[in-house]
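Q: Have a look at this one.
Numbering (full-length UniProt numbering), first residue to last: 1 to 339.
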């Protein structure tokens, strides 16, 4: 079902789909998960947030009468079973990130692959489950042979991408074998409010903003000519909810991105522009990391657009400006706490 009026009709549309539902969000103490919980708050009757707080923060989980928090691992079947068996919608966003996958590959597999299998196993008996949405990654494409990358491509180059693709394949197989209504979403470099720079694994946008606030040079890995497809978090959350609501996405894998490549050098210039800093603000170029294996990235939106009518509503500059407005408030709060 396509959402034909994304602006004025969005609230009514989501209220009709998610109103009164019981929802589980794993990884709900992370950047994407906590943003999703906030989006679902006005609609859901009950939201259970599951997070082991390995990298997540308890304080970012919204406090509301219809939100409860469970500090458990998604690999702990008996602990998660009661919540999965009752859910109308499951959003599985818990994962070890790409940096940790290189530092702790066994933990990466335990959570991203085995944890996803455990989630699917415990969900299989839920006959009332409307959708199991799995947060995957555009890292699966590696250095894609053609851009924007479409969902039939893959070129796995890091353990993180391998474990996330394993989760996709498990979900599709469990959907075919046990009837789980599974959808995988491959996110591409999401940024925006809630992506705290104090987390060592956060994205480049908030890292740049942190350095501007501290009056430090912008740190850029390699020569800065690598490209990424930056997606504003509000647009990404629209895509998640639209995909969960659409019958056309059941059993499929869909990209979430803009299809636009931006070099890290250009991103630095744009961040300086929206924050009022000069174009020649100092840069510090450093050696690339082991995870920096991808030179170019952009993903095709065609499949998700055809299934749901979704398209991003924010330009990169609009998203950066909103992120900067949020980040300045966050920085002021931290200053107040330290005073």
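Positions of the beta carbon are idealized from the N, C-alpha and C atoms, including for glycine.
Just so it is clear, the structure is predicted and the values come from calculations on it, not from any experiment.
1) Look at the alpha carbon of residue 249 and the alpha carbon of residue 307, and state the distance between them as a whole number of angstroms.
2) Would residue 94 and residue 27 be called neighbours here (beta carbons separated by less than 7 Å)?
3) To the nearest angstrom, how far is the alpha carbon of residue 35 from that of residue 176?
4) Looking at residue 298 and residue 229, is the spacing between their C-beta atoms short of 7 Å?
5) Which two residues bound the contiguous alpha helix (DSSP H) that contains residue 285?
6) Determine the burial state of residue 198: buried for a count of at least 16 other Cβ atoms within 10 Å of its Cβ, exposed for fewer.
7) Helix, strand or coil: which one does DSSP assign to residue 172?
8) Considering Cα atoms alone, identify which of 84, 78, 322 and 14 is closest to residue 209.
9) Which class does residue 134 belong to by DSSP, given the choice of helix, strand or coil?
10) Using the Cα positions of residue 1 and residue 244, report the straight-line distance between them to the nearest angstrom.
11) Less than 8 Å between the CB atoms is what I'm expecting for residue 89 and residue 131, so what's the real figure, rounded?
12) Distance check for residue 65 and residue 49, CA to CA, integer angstroms please.
13) Going by C-alpha distance, which of 205, 81 and 106 is nearest residue 326?
14) Quick one: is residue 40 near chain C, going by C-beta distance under 7 Å?
15) By DSSP's criteria, residue 254 is part of a beta bridge. Which residues make up the other side?
16) Which residue comes first and which comes last in the beta strand (DSSP E) that contains residue 14?
17) Check whether the region 100-114 touches the region 141-154, counting contact only when three or more Cβ pairs, one atom from each stretch, lie closer than 8 Å.
18) Output the distance between the C-alpha atoms of residue 75 and residue 164, rounded to the nearest integer angstrom.
19) Taking the alpha carbon of residue 51 as the reference point, which residue from 159, 162, 148 and 119 has its own alpha carbon closest?
A: In this structure, then:
1) For this step, residue 249 is matched to residue 249 along the chain shown. For this step, residue 307 is matched to residue 307 along the chain shown. So the two alpha carbons sit approximately 6 Å from each other.
2) Taking the chain shown and counting its residues from 1, the one referred to as residue 94 is at position 94. Taking the chain shown and counting its residues from 1, the one referred to as residue 27 is at position 27. In this structure, residue 94 lies near residue 27, with their beta-carbon atoms less than 7 Å apart.
3) As a position in the chain shown, residue 35 is number 35, starting the count at 1. As a position in the chain shown, residue 176 is number 176, starting the count at 1. CA-to-CA, the gap between residue 35 and residue 176 works out to about 30 Å.
4) Counting from 1 along the chain shown, the entry for residue 229 is found at position 229. Counting from 1 along the chain shown, the entry for residue 298 is found at position 298. Going by C-beta atoms, residue 229 is nearer than 7 Å to residue 298.
5) As a first step, residue 285 is located in the chain shown; it is residue number 285 there, counting from the start. Where residue 285 is concerned, there is no enclosing alpha helix (DSSP H), although the beta strand (DSSP E) it sits in stretches over 283-286.
6) The residue you call residue 198 lines up with position 198 of the chain shown. By the Cβ neighbour-count rule, residue 198 is exposed, with fewer than 16 other Cβ atoms within 10 Å of its own.
7) The residue you call residue 172 lines up with position 172 of the chain shown. Annotated three-state conformation of residue 172 is helix, per DSSP.
8) The residue given as residue 209 occupies position 209 in the chain shown. The shortest C-alpha separation from residue 209 is found at 322.
9) Here residue 134 is taken as the residue at index 134 of the chain shown, counted from 1. Residue 134: strand per DSSP, three-state reduction.
10) Position 1 of the chain shown holds residue 1. Position 244 of the chain shown holds residue 244. In this prediction, residue 1 scores a pLDDT of 48, lower than 50, which makes its location untrustworthy; the coordinate-derived value is nonetheless stated afterwards. Near 10 Å, if we compare the C-alpha coordinates of residue 244 and residue 1.
11) Taking the first residue of the chain shown as 1, we reach residue 89 at position 89. Taking the first residue of the chain shown as 1, we reach residue 131 at position 131. With 8 Å as the limit, residue 89 and residue 131 qualify as a contact, their Cβ atoms being about 5 Å apart.
12) By one-based count along the chain shown, residue 49 stands at place 49. By one-based count along the chain shown, residue 65 stands at place 65. Approximately 13 Å between the Cα atoms of the pair.
13) Locating residue 326 in the chain shown gives position 326, where the first residue counts as 1. Comparing Cα-Cα distances from residue 326 to each of 205, 81 and 106, the minimum goes to 205.
14) You won't find chain C in this structure, because it holds only one protein chain.
15) As a working note, residue 254 is residue 254 in the chain shown. Partner(s): 185.
16) Position 14 of the chain shown holds residue 14. First-last for residue 14: 10-18, but that is the alpha helix (DSSP H), not the beta strand (DSSP E).
17) Segments in contact, no.
18) Residue 75 sits at position 75 when you count from the first residue of the chain shown. Residue 164 sits at position 164 when you count from the first residue of the chain shown. Cα atoms of residue 75 and residue 164: separation of roughly 15 Å, rounded to the nearest angstrom.
19) Numbered from its first residue, the chain shown carries residue 51 at position 51. With distances taken between Cα atoms, residue 51 lies closest to 119.
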